[in-house]
DNA sequence: GCCAACGTTGGC
DNA sequence: GCCAACGTTGGC
């Protein structure tokens, strides 16, 4: 079972929103992230939810994948801001996964994540990185959970 | 709101 | 295939 980190802007969609209902993690429009969603993120995988572009940036909770490799329906909807006319339903360009809420974590601020040497290789803590779906190694997962005191 | 870093687009 | 211009991301 693998582990991932997904970024989200909490003003748009937060861990609290996820706690209310499962969600299809749609709208990812970056090829590196797409490749993970299409090929590597599997059912039962664990996902750290990270809040970006807000007053308290950091890891806010845990989710679990309940459905993997779903063609992103928003890409086919002309009324969606995520519409992509170049995504063909017969050969979808963009993919999503469905998540269910697992639990909140005491917010782990980005500054603390950056200060932990065990996490130094994560794209998350690298300057200028914009990857919104990234793998988390077992060691990184343990380090993150260790920081929560859990 | 600012700005640096990055990915994508499009002209050539 | 190059690269400048542009739009977006995301921390601060």
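Numbering (UniProt numbering), first residue to last: 1 to 150. Every residue gets a Cβ at the ideal spot worked out from N, C-alpha and C, and that includes glycine. Just so you know, these numbers come straight off a predicted model, no measurement behind them.
Could you round the C-beta distance between residue 24 and residue 70 to whole angstroms and report it? I think they count as a contact, below 8 Å. Against the first chain, residue 24 aligns to sequence position 24. Against the first chain, residue 70 aligns to sequence position 70. About 7 Å separates the two Cβ atoms, so the contact holds.
Threshold first: 3 residues or longer. Then list the beta strand (DSSP E) segments lying entirely within the UniProt domain "EVE" (3-147), N to C. For the UniProt domain "EVE" (3-147), whole beta strand (DSSP E) runs of length 3 or above, ordered along the chain, are 3-8, 46-51, 58-71, 95-109 and 133-136.
Classification of residue 77 by the beta-carbon crowding that lies within 10 angstroms, buried from 16 upward: Here residue 77 refers to the residue found at position 77 of the first chain. By the 10 Å Cβ count, residue 77 comes out exposed.
If you check the beta carbons only, do residue 10 and residue 54 fall under 8 Å apart? The residue you call residue 10 lines up with position 10 of the first chain. The residue you call residue 54 lines up with position 54 of the first chain. Yes, Cβ-Cβ distance for residue 10 and residue 54 is below 8 Å.
How would you call residue 28, buried or exposed, if buried means at least 16 neighbouring beta carbons within 10 angstroms? Residue numbering aside, residue 28 sits at position 28 when the first chain is read from its first letter. The residue is buried, with at least 16 neighbouring Cβ atoms inside 10 Å.
Spatial neighbours of residue 102 within its chain, please: CB distance less than 6 Å, with the 5 preceding and 5 following residues excluded, ordered by chain position. Reading the first chain from its first residue, position 102 is the one you call residue 102. Closer than 6 Å at Cβ, skipping near neighbours: 62, 63 and 64.
Comparing alpha-carbon positions, which option in 94, 105, 139 and 100 lies nearest residue 36? The residue you call residue 36 lines up with position 36 of the first chain. Its Cα nearest to that of residue 36, the residue 94 stands out among 94, 105, 139 and 100.
Within this structure, are the beta carbons of residue 132 and residue 22 separated by less than 8 Å? Locating residue 132 in the first chain gives position 132, where the first residue counts as 1. Locating residue 22 in the first chain gives position 22, where the first residue counts as 1. Contact: no.
Do the CB positions of residue 72 and residue 96 come within less than 8 Å of each other? In the first chain, counting from the first residue as 1, residue 72 sits at position 72. In the first chain, counting from the first residue as 1, residue 96 sits at position 96. It is a contact, given that the beta carbons lie within the stated cut-off.
I believe residue 48 touches residue 5 by the beta-carbon criterion, under 8 Å. Please report the beta-carbon distance rounded to the nearest angstrom. For the purposes of this step, residue 48 is taken as residue 48 along the first chain, with counting starting at 1. For the purposes of this step, residue 5 is taken as residue 5 along the first chain, with counting starting at 1. In this structure residue 48 touches residue 5 by the C-beta definition: roughly 4 Å separates them, less than 8 Å.
Have a look at residue 74 and residue 34 and give me their C-alpha separation to the nearest angstrom. Mapped onto the first chain, residue 74 falls at position 74. Mapped onto the first chain, residue 34 falls at position 34. In a straight line, the C-alpha of residue 74 is about 14 Å away from that of residue 34.
Span separating the alpha-carbon of residue 139 from that of residue 111: Here residue 139 refers to the residue found at position 139 of the first chain. Here residue 111 refers to the residue found at position 111 of the first chain. One C-alpha to the other measures close to 19 Å.
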